[in-house]
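To start, the structure itself, in structure tokens.
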Amino acid sequence: MAETHRPPEQFTLRVRRYNPESGEAPYWDEHTIELEPHRSVLEGILQAKARFDGSIGIRCSCRAAICGSCGVRINGEPGLACHTHLDAARASAKDGTIEIEPMGNMPVIKDLIVDMDAVHWKKIQRVTPWLLAKQPTPEREYVVAKDAMVDVTQTMACIQCGACVSDCLAMEVDPGFIGPAALAKAYRFVGDPRDDRQRERLVDLSEDPQGIFDCTHCFKCVDACPKDVNPMGQIMRLRRVAISDQHIVDANNGERHEAALTTLVRDYGLLHEAELVPRSYGGNSWFGKFHPAAGKELLSLLPTAVKAIAKGKIGIKQALLGHKLAGADLKAVQRIYQTVESRPERYELNLYISGEDE
Amino acid sequence: MKVAYWPGCVSRGFTPELHGSMARVAPLLDIELVELNRANCTGCGVIAEHNQELADTLNARTFAFAQQVDGAELMMNICSTCQGAQSECQERLDSSAEYRAQVNQTLAPEGLSYEKGLTNKNFLWLLVEEIGLDALRAKVRRPLTNLRVGPFYGCYIVRPRKRLGIDAERPRDHYLEQLIEALGGTVIEYAGMRKCCGFPIVTMNKEASLKQAGRHLGDAVDAEADCLVTPCPLCHLNLDLQQPSAEKVVARELRMPILHLPQLVGLALGLQPKELGLNRHVVRPTSVIDWSASVVGAAA
Numbered sequence: 619m620a621e622t623h624r625p626p627e628q629f630t631l632r633v634r635r636y637n638p639e640s641g642e643a644p645y646w647d648e649h650t651i652e653l654e655p656h657r658s659v660l661e662g663i664l665q666a667k668a669r670f671d672g673s674i675g676i677r678c679s680c681r682a683a684i685c686g687s688c689g690v691r692i693n694g695e696p697g698l699a700c701h702t703h704l705d706a707a708r709a710s711a712k713d714g715t716i717e718i719e720p721m722g723n724m725p726v727i728k729d730l731i732v733d734m735d736a737v738h739w740k741k742i743q744r745v746t747p748w749l750l751a752k753q754p755t756p757e758r759e760y761v762v763a764k765d766a767m768v769d770v771t772q773t774m775a776c777i778q779c780g781a782c783v784s785d786c787l788a789m790e791v792d793p794g795f796i797g798p799a800a801l802a803k804a805y806r807f808v809g810d811p812r813d814d815r816q817r818e819r820l821v822d823l824s825e826d827p828q829g830i831f832d833c834t835h836c837f838k839c840v841d842a843c844p845k846d847v848n849p850m851g852q853i854m855r856l857r858r859v860a861i862s863d864q865h866i867v868d869a870n871n872g873e874r875h876e877a878a879l880t881t882l883v884r885d886y887g888l889l890h891e892a893e894l895v896p897r898s899y900g901g902n903s904w905f906g907k908f909h910p911a912a913g914k915e916l917l918s919l920l921p922t923a924v925k926a927i928a929k930g931k932i933g934i935k936q937a938l939l940g941h942k943l944a945g946a947d948l949k950a951v952q953r954i955y956q957t958v959e960s961r962p963e964r965y966e967l968n969l970y971i972s973g974e975d976e
Numbered sequence: 061m062k063v064a065y066w067p068g069c070v071s072r073g074f075t076p077e078l079h080g081s082m083a084r085v086a087p088l089l090d091i092e093l094v095e096l097n098r099a100n101c102t103g104c105g106v107i108a109e110h111n112q113e114l115a116d117t118l119n120a121r122t123f124a125f126a127q128q129v130d131g132a133e134l135m136m137n138i139c140s141t142c143q144g145a146q147s148e149c150q151e152r153l154d155s156s157a158e159y160r161a162q163v164n165q166t167l168a169p170e171g172l173s174y175e176k177g178l179t180n181k182n183f184l185w186l187l188v189e190e191i192g193l194d195a196l197r198a199k200v201r202r203p204l205t206n207l208r209v210g211p212f213y214g215c216y217i218v219r220p221r222k223r224l225g226i227d228a229e230r231p232r233d234h235y236l237e238q239l240i241e242a243l244g245g246t247v248i249e250y251a252g253m254r255k256c257c258g259f260p261i262v263t264m265n266k267e268a269s270l271k272q273a274g275r276h277l278g279d280a281v282d283a284e285a286d287c288l289v290t291p292c293p294l295c296h297l298n299l300d301l302q303q304p305s306a307e308k309v310v311a312r313e314l315r316m317p318i319l320h321l322p323q324l325v326g327l328a329l330g331l332q333p334k335e336l337g338l339n340r341h342v343v344r345p346t347s348v349i350d351w352s353a354s355v356v357g358a359a360a
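Chain order of the listed sequences is F and A. According to this note's numbering, the first sequence holds residues 619 to 976 in order. According to this note's numbering, the second sequence holds residues 61 to 360 in order.
Laid out in structure tokens, this is it:
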């Protein structure tokens with residue numbers, strides 16, 4: 619029989635408090651609230667606010683995981699306070715006390731409220747988040763092929779809660795990185811068949827040193843997102859379209875790095891590490907290393923390389939020749955490349971849309 | 061146990077001490093390694109970024125070789141990045157029979173075919189889930205007494221949680237701590253232990269990349285770790301090989317030795333630092349740690 623009702627229980631919340639205007643340092647506050655275990659962390663915070671301390675700052679609106687207002691960190695992980703059950707939060711707590719902090723990578727306005735305008739919305743504005751329609755626009759509604767919009771539905775699920783921004787590891791060291799939410803938004807228009815500026819958008823995002831090639835591929839945003847938007851996956855799609863379809867060669871080595879790695883695996887079967895760096899800087903061929911940009915980088919790496927060779931970490935033969943699969947296996951790998959890359963259209967299985975068929 | 065063993069590229073290239081130490085440690089744990097020496101690079105996520113089907117087919121080829129190994133219980137890797145890249149492809153391959161058929165058609169000329177349901181585990185997962193920490197503890201000949209070890213996982217082996225099968229029953233994102241304890245060492249927790257080493261963007265934004273490495277190493281220094289241990293050779297490149305450059309970016313001395321996972325296990329199982337290639341690192345653990353005092357503890 620399904621469980622229908624569980625009586626209220628006590629939960630202790632440890633809330634991070636901070637008021638920048640007070641001039642005092644942040645501190646932790648603890649309150650014990652009483653609610654049914656399936657109720658949300660947000661309801662817990664609101665009860666603490668109503669019963670014990672009306673000055674706790676928290677932003678919320680819909681309480682149903684739609685509006686994206688109540689993004690916080692619960693036990694160190696970003697999420698929506700209204701979308702996290704109290705019992706689940708207690709289970710993931712270090713010591714049984716549910717720890718609630720403001721989101722990261724954004725300045726705190728007060729307690730659990732962060733300045734979304736200063737970071738998140740500024741970055742969203744950066745990617746021109748509206749349709750730049752093909753001209754002439756139809757007199758009435760646009761008619762697009764039935765499945766033409768399927769590709770962008772995943773990014774359209776974003777509720778702008780900022781959880782991915784909070785957890786972004788690239789932004790942690792490079793605050794100017796456009797970031798997961800805004801780049802997912804960018805794909806929403808790059809992938810829209812009605813948009814007229816796909817190439818311009820991609821050139822812009824590829825050439826920006828803090829654009830699509832500044833993502834460090836750490837999967838943090840994938841786990842942070844409460845709506846399964848997979849922002850990192852959208853960034854990879856932006857790279858794929860920029861490089862493979864638009865053939866944009868950027869100044870950040872993004873295109874050259876991808877081309878070099880893909881070509882080296884085709885030509886060697888295994889990764890030839892020593893060739894990867896010069897080709898990423900100087901161009902995707904054996905001659906890449908003679909390009910001035912590659913020369914400069916190789917020169918800066920020289921002390922590291924000398925050290926590694928002196929310590930026997932890397933053999934000279936290994937550094938120069940790399941490793942290679944045997945003839946028949948290499949041919950098999952190259953046949954795979956040929957078969958897949960000669961398809962008229964690139965095939966992309968998106969599990970968000972297709973789901974699992976078995 | 062017999063495993064189909066995928067060592068990866070970097071473990072046989074720029075971090076040869078990783079593959080070498082694995083080969084030394086395996087017999088002590090009764091692991092028979094059948095090396096998949098015909099298999100190709102996983103593409104480290106970059107080929108998937110270029111063309112998903114290409115990455116999926118290349119990895120399906122490796123999976124098919126693994127499934128041909130007679131008597132092997134599973135496939136094992138020693139690289140977080142290989143694990144992550146392969147898990148991503150396997151998730152797609154296992155989700156659709158139609159897609160799998162298309163991929164297998166490309167593999168057909170070689171007489172290969174991937175059947176759904178291969179088990180592919182990093183050495184770390186295999187140690188905890190197959191060998192077991194108690195069995196491992198019983199094999200320890202030289203407990204890592206008083207050695208303060210910080211875990212460094214690498215992103216690809218801790219995220220995304222669902223794809224990698226991490227949950228309350230299999231807390232794979234806590235295995236390194238459990239392992240360090242089982243080997244008799246002291247676990248040092250620090251802010252960067254599950255963060256990114258910065259390696260994926262080292263050619264795109266070197267400053268940001270080395271700042272990541274430098275910060276995590278600095279956190280570990282502040283937490284008074286003697287060394288870090290990582291299951292990822294790419295993290296090792298940014299944390300060890302690039303450490304002198306990272307020191308310049310974060311403007312502080314770090315001198316933090318980075319051990320590969322099999323090296324740490326090997327030390328506890330009684331192997332000598334040199335046999336495990338510990339003298340080959342840029343930050344030599346042999347010169348930073350007094351192995352005679354801190355590793356050979358009272359219980360030895």
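The C-beta atom is built at its ideal place from N, Cα and C for all residues, glycine as well. Note that the structure is predicted; figures quoted are calculated from it, not measured.
Below-9 Å beta-carbon distance, residue i vs any chain F residue
i              : result
L277 (chain A) : no
L301 (chain A) : yes
N111 (chain A) : yes
L118 (chain A) : yes
F74 (chain A)  : yes
P322 (chain A) : no
I349 (chain A) : no
Q143 (chain A) : no
H341 (chain A) : yes
G80 (chain A)  : no
T263 (chain A) : yes
Residue environment, residue i, which counts as buried when at least 16 other CB atoms sit within 10 Å
i              : result
D194 (chain A) : exposed
Q143 (chain A) : buried
W748 (chain F) : exposed
R961 (chain F) : exposed
S784 (chain F) : buried
D792 (chain F) : buried
A360 (chain A) : Because A360 (chain A) sits at a pLDDT of 38, beneath the cut-off of 50, its placement in the model cannot be relied upon, and the point is left open.
L939 (chain F) : exposed
L889 (chain F) : buried
L920 (chain F) : exposed
A358 (chain A) : Since pLDDT at A358 (chain A) reaches only 38, below the 50 mark, its modelled position is unreliable, and no value is offered.
Q852 (chain F) : buried
C-beta atoms of residue i and residue j nearer than 9 Å
i              : j              : result
I866 (chain F) : D832 (chain F) : no
V343 (chain A) : R315 (chain A) : yes
R964 (chain F) : N111 (chain A) : yes
V129 (chain A) : V325 (chain A) : no
G214 (chain A) : S305 (chain A) : no
G887 (chain F) : V951 (chain F) : yes
A273 (chain A) : L299 (chain A) : yes
D846 (chain F) : Q778 (chain F) : no
V200 (chain A) : G244 (chain A) : yes
I318 (chain A) : C295 (chain A) : yes
Cutoff 9 Å: residue i Cβ touching any chain A Cβ
i              : result
S972 (chain F) : yes
M619 (chain F) : Its pLDDT being 48, under 50, M619 (chain F) is placed unreliably in this model, and the coordinates cannot settle the point.
L888 (chain F) : yes
Y760 (chain F) : no
F795 (chain F) : yes
S903 (chain F) : no
Q628 (chain F) : no
Y805 (chain F) : no
Residue span of the beta strand (DSSP E) that contains residue i, given as start and end
i              : result
F629 (chain F) : 627-635
N182 (chain A) : 180-182
C287 (chain A) : 287-290
Limits of the unbroken alpha helix (DSSP H) element including residue i
i              : result
A168 (chain A) : Neither: A168 (chain A) is in no alpha helix (DSSP H) and is coded neither H nor E.
R691 (chain F) : No alpha helix (DSSP H) contains R691 (chain F), which is instead part of the beta strand (DSSP E) from 689-692.
A923 (chain F) : 910-928
G210 (chain A) : Here G210 (chain A) belongs to no alpha helix (DSSP H); instead the beta strand (DSSP E) covers 208-211.
Residue i Cβ short of 8 Å to the ligand ZN heavy atom set
i              : result
L938 (chain F) : In terms of ligand content, the structure shown is empty, and the ligand ZN therefore cannot be addressed.
Residue(s) in a DSSP beta bridge with residue i
i              : result
K222 (chain A) : K222 (chain A) is not bridged to any residue.
D980 (chain F) : Because chain F spans 619 through 976 in this model, residue 980 (chain F) falls outside it and cannot be assessed.
K62 (chain A)  : A:E92
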